[in-house]
Amino acid sequence: MNKPQSFFHLHLISDATGETLLAAGRAASAQYKDARAIEHIYPLIRTEKQVAKVFEDIEEEPGIILYTVVDQKLARSIDERCAAMGLPCVSVLEPVLSVFQSYLGTPAGRRVGAQHVLDAEYFRRIDALNFTMEHDDGQLPTNMDDADIVLIGISRTSKTPTSIYLANRGIKTANIPIVLGVPLPESLIAAKTPLIVGLVATAERISHVRQNRILGNTAPYVSTDYVDRAAINEELAYARQLCTRHGWPMIDVSRRSIEETAAAIVALRGKTR
Numbered sequence: 001m002n003k004p005q006s007f008f009h010l011h012l013i014s015d016a017t018g019e020t021l022l023a024a025g026r027a028a029s030a031q032y033k034d035a036r037a038i039e040h041i042y043p044l045i046r047t048e049k050q051v052a053k054v055f056e057d058i059e060e061e062p063g064i065i066l067y068t069v070v071d072q073k074l075a076r077s078i079d080e081r082c083a084a085m086g087l088p089c090v091s092v093l094e095p096v097l098s099v100f101q102s103y104l105g106t107p108a109g110r111r112v113g114a115q116h117v118l119d120a121e122y123f124r125r126i127d128a129l130n131f132t133m134e135h136d137d138g139q140l141p142t143n144m145d146d147a148d149i150v151l152i153g154i155s156r157t158s159k160t161p162t163s164i165y166l167a168n169r170g171i172k173t174a175n176i177p178i179v180l181g182v183p184l185p186e187s188l189i190a191a192k193t194p195l196i197v198g199l200v201a202t203a204e205r206i207s208h209v210r211q212n213r214i215l216g217n218t219a220p221y222v223s224t225d226y227v228d229r230a231a232i233n234e235e236l237a238y239a240r241q242l243c244t245r246h247g248w249p250m251i252d253v254s255r256r257s258i259e260e261t262a263a264a265i266v267a268l269r270g271k272t273r
């Protein structure tokens, strides 16, 4: 018998964007299937006055507090306030910084938002994102050799979100739809540089996703073969045939999250380099 789901408040205090905290908090929360976190995110907290305002909110809805604050005076203030309220709190980065300091033999620079500096790596990610948006869904198919990765697959195999996720990691990713009976662009067949990966899924999964797309479409939509599983199986067979013919690896995304699919693609890329 399933337990009823409970809820708890998760307060995330950051002196930067809060992305690190959000990822850590969600990773931990995911381990508790019967408890759901109500997230409260407080980014760009850099003064004592801001901390005081945050704790006014926390007093209204107490819960677990996670924080990433490099200013040690502010961090002590957060610890003291949590102790006074009897609430658990964790400095997410501090144990990691301690390990780095021990190994490298030098203290951290304590720079707020250091991971968001506008350096070459940042602009590489922006360049990759621009490339990916310009090459979404078969657009600009003539320069496939400029891509790091090309994703191919039939409709609703998560090509676009996976491409964008990879682009955010600085990987130029194009995606091209496979349409039954329609040959792929010659530029793709001739490409030597990119890793080309076929995304596939079960007919059941694709049919379900397509049905949801139709339900969310405000314009009249004729479903016909679009959600028919027999027709989808034909599309998938054609996609697999193309990948097999050209020796392109395939990844089944049926039970994978976008992040898991991207990780599998990056692992393939590492093997082919």
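Residue 260 in full-length UniProt numbering sits at position 260 of the sequence shown, and the numbers go up by one each step. No residue lacks a Cβ here, since even glycine has one placed at the ideal position from N, Cα and C.
query	result
With distances taken Cα to Cα, identify the nearest neighbour of A58 among A174, I154, Y42 and R46.	According to the sequence as given, residue 58 is Ile; it is not Ala. Ranking the options by Cα distance to I58, first place goes to Y42.
Taking the continuous alpha helix (DSSP H) assigned at P161, which residues delimit it?	K159 to A167
Note down, in chain order, each residue of its chain lying with its Cβ closer than 6 angstroms to the Cβ of T193, except the 5 sequence neighbours on either side.	D145
At what residue ranges does the region 5-58 contain a whole run of the alpha helix (DSSP H), taking only runs of 4 or more?	19-29
Going by alpha carbons, who is nearest to C82 out of R240, V70, L12 and A203?	L12
Can you give me the start and stop residues for the beta strand (DSSP E) that G86 sits inside?	Neither: G86 is in no beta strand (DSSP E) and is coded neither H nor E.
So, for T202: in the same chain, excluding its five sequence neighbours on each side, which residues have a beta-carbon less than 6 angstroms away from its beta-carbon?	S254
Quick check: the region 224-232 against the region 161-174, are at least 3 beta-carbon pairs closer than 8 angstroms?	no
Quick check: the Cα distance between W248 and R210, rounded to an integer number of angstroms?	25 angstroms
Quick one: complete beta strand (DSSP E) runs, 3+ long, within the region 222-266?	250-252
So is D15 buried or exposed if we call it buried at 16+ other beta carbons inside 10 Å?	buried
Measuring alpha carbon to alpha carbon, tell me which residue in P88, M85, A108 and G86 is nearest P95.	A108
Locate the alpha helix (DSSP H) running through N175, then write down its first and last residues.	Looking at the DSSP string, N175 is not in any alpha helix (DSSP H); the run it does join, the beta strand (DSSP E), is T173 to P177.
Which whole runs of the alpha helix (DSSP H) in the region 99-149 are 4 residues long or more, in chain order?	120-134
Let me check one thing: in DSSP terms, what residues is L199 bridge-paired to?	I251
Which value, in whole angstroms, describes the spacing of the CA atoms of N130 and V69?	32 angstroms
Name the DSSP beta bridge partners of H68, please?	Looking at the sequence itself, residue 68 is Thr, so the reference to His does not match. DSSP, once it has assigned bridges, lists S14 as partnering T68.
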